[in-house]
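J.: Dumping the structure here so I can ask a few things about it.
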Amino acid sequence: MILLLMCAAIGLTQAQAQLSFGVKAGANFSTISKIDFSSIGPGGKALSGLFESKYMPGYHVGLYTRYNLTPSMGVQPELLYSMMGYKITSPLVADASVKTQLHYLTLPVLFRYTLPNIGLYAELGPQAGLFLKDNITVTGSLGGRSSDITKGGSKQAASFDLSGVVGLGYRLDNGLSISARYIHEFKTSSGDHFIPTYAKKRGFQVSLAYELF
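In structure tokens, the structure reads:
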């Protein structure tokens, strides 16, 4: 009985050593790909050239867990609340713009490789995204006076998307990490929305994470 208890204690300790849990938060800088209106018919390509997409700031916050296959390799799934977005302007109208916030619940599942005896690591993998809501702000001027109109609930993005993620990071001995990622959208559940009918999302993330245990 004592031997069995000792074996169980050793197994539990090893399992805990293989699993890590933590929290993370940071900033998003996102946009959409070049807008393609060619699918709407004649003149669509010319119309596409009238609009420019720019980056919008956002944020993300959530939890992660990591299963360490070896001291250097591991798999890290995360659950994040993430606000992406973009800004559209036109060279024909200097003081008008459309700013869009897109709120998602995202699940990245990343393979992580850490250089031996160094805190530097690289990560790569897919990310699933569940669209929650959006807010659109249209800015312009009329009669010399500027105005903003904000509207939510337009559901301009597909309800589900799949992206690719690649990143680099550095983990300190105290459990604090800093990382940077690039996110590239590939696939969505529907083509009947502005995203992905005319464009797809792109973005960068800068994160701070702390390993609780």
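Going letter by letter, the sequence shown gives residues -17 to -1, 1 to 196 in mature numbering (1 follows the signal peptide of the UniProt record, and there is no 0). Where is the CB? At the ideal position from N, CA and C, for every residue including glycine. Remember, predicted model here, so these are calculated numbers, not experimental data.
1. Provide the residue span of the beta strand (DSSP E) that contains Pro40, from first to last.
2. If contact is defined by three or more beta carbon pairs under 8 angstroms, each pair taking one atom from either stretch, is the stretch 111 to 121 in contact with the stretch 148 to 157?
3. To the nearest angstrom, report how far apart Ala141 and His86 are at their CA atoms.
4. With a CB to CB cut of under 6 angstroms and the five nearest residues on each side skipped, what residues in its chain are close to Leu107?
5. Tell me which same chain residues have a C-beta within less than 6 angstroms of the C-beta of Met56, skipping the five on either side of it?
6. DSSP state of Phe34, grouped into three classes?
7. Kindly indicate which three-state DSSP category Tyr193 falls into: helix, strand or coil?
8. So Pro60 is in the beta strand (DSSP E); what residue range does that whole segment cover?
9. To the nearest angstrom, how far is it from the Cα of Thr72 to the Cα of Glu35?
10. What number of angstroms, rounded off, separates the C-alpha of residue 206 from the C-alpha of Tyr42?
11. Based on Cα-Cα distance, which residue from Ser162, Gly112, Thr120 lies nearest to Gly147?
12. To which residues of the same chain is Met66 closer than 8 angstroms at the C-beta, ignoring the five residues directly before and after it?
13. Tell me whether Gln139 sits in a helix, a strand or coil according to DSSP, three-state version.
14. Quick one: using the 10 Å Cβ neighbour count with 16 as the cut-off for buried, is Gln59 buried or exposed?
15. Excluding the 5 residues flanking Leu195 on each side, which residues of the same chain have their C-beta closer than 6 angstroms to its C-beta?
16. Residue range of the beta strand (DSSP E) that Ile15 falls in?
T.: The structure says:
1. Residue mapping note: residue 40 aligns to position 57 of the sequence shown, counting from 1. Here the beta strand (DSSP E) through Pro40 covers 39 to 51.
2. no
3. Taking the first residue of the sequence shown as position 1, residue 141 is located at position 158. Taking the first residue of the sequence shown as position 1, residue 86 is located at position 103. When rounded, the distance between both Cα atoms is 12 angstroms.
4. Residue 107 sits at position 124 when you count from the first residue of the sequence shown. By the criterion of a C-beta distance shorter than 6 angstroms, Leu107 is surrounded in its chain by Phe94, Val149, once the five residues flanking it on both sides are discounted.
5. Taking the first residue of the sequence shown as position 1, residue 56 is located at position 73. Tyr96.
6. The residue given as residue 34 occupies position 51 in the sequence shown. Three-state result, Phe34: coil.
7. Mapped onto the sequence shown, residue 193 falls at position 210. Three-state DSSP puts Tyr193 in a strand.
8. Locating residue 60 in the sequence shown gives position 77, where the first residue counts as 1. Looking at the DSSP string, the run of the beta strand (DSSP E) that includes Pro60 is 56 to 73.
9. For the purposes of this step, residue 72 is taken as residue 89 along the sequence shown, with counting starting at 1. For the purposes of this step, residue 35 is taken as residue 52 along the sequence shown, with counting starting at 1. Rounded to whole angstroms, Thr72 to Glu35 spans 5 angstroms at the Cα level.
10. Past the boundaries of the shown model lies residue 206; the chain is included only from -17 to 196, so the question cannot be answered.
11. The sequence position of residue 147 within the sequence shown is 164, counting from 1. Of the candidates Ser162, Gly112, Thr120, the residue whose Cα lies closest to the Cα of Gly147 is Gly112.
12. Taking the sequence shown and counting its residues from 1, one reaches residue 66 at position 83. These residues qualify, in order along the chain: Asn11, Gly41, Tyr42, His43, Gln84, Leu85, His86, Tyr87.
13. The residue given as residue 139 occupies position 156 in the sequence shown. Coil.
14. Within the sequence shown, residue 59 is the residue found at index 76, counting from 1. Classification of Gln59: buried, given that the 10 Å Cβ count is 16 or more.
15. Against the sequence shown, residue 195 aligns to sequence position 212. So the qualifying residues of the chain are Phe4, Gly5.
16. Within the sequence shown, the letter at position 32 stands for residue 15. Residues 2 to 15.
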